[in-house]
Amino acid sequence: MLVLSRTRNESIMIGDDVEITIVDVRGDKVRLGITAPKVISVHRKEVYLAIQQEKAGQKPAKNQHETPTG
2 MLVLSRTRNE SIMIGDDVEI TIVDVRGDKV RLGITAPKVI SVHRKEVYLA IQQEKAGQKP
62 AKNQHETPTG
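FYI, in our numbering the residues of the sequence shown are 2 to 71.
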C-alpha cells in the first residue's frame, strides 16, 4: 500500500484521469473530493460491498460505523 501525506487543498492523481483532493480535515475525519470520468464508478467501500453482495444475490450487511452523511 502506498501511503502519502497531504494537507488541505492538495491532491493525489491516480493515472491521468482521477484526482483526489483533500477538501477538509476536522479531528479524525477527512473530506475528500474526487474528480473522475463518469465511466469510473466511485463509492464508499461499504456502499461498494453492498452493491457487490446485491449482485451476488445476498442481503447487504449493515455497517454499524456508517453515518447517514458519510
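All C-beta atoms, glycine included, are put in the ideal place defined by N, C-alpha and C.
Item	Value
Can you round the beta-carbon distance between I35 and I21 to whole angstroms, since I take them to be within the 8 Å contact cut?	5 Å
Taking buried to mean at least 16 other C-beta atoms within 10 Å of its own C-beta, is A57 buried or exposed?	exposed
For the beta strand (DSSP E) containing G20, name the first residue and the last one.	One point to set straight first is that residue 20 is Glu, not Gly, in the sequence displayed. Segment V19 to R27, the beta strand (DSSP E) holding E20.
If we call anything under 8 Å between Cβ atoms a contact, is L33 one with V24?	yes
Is V43 closer than 8 Å to A37 when the C-beta atoms are compared?	yes
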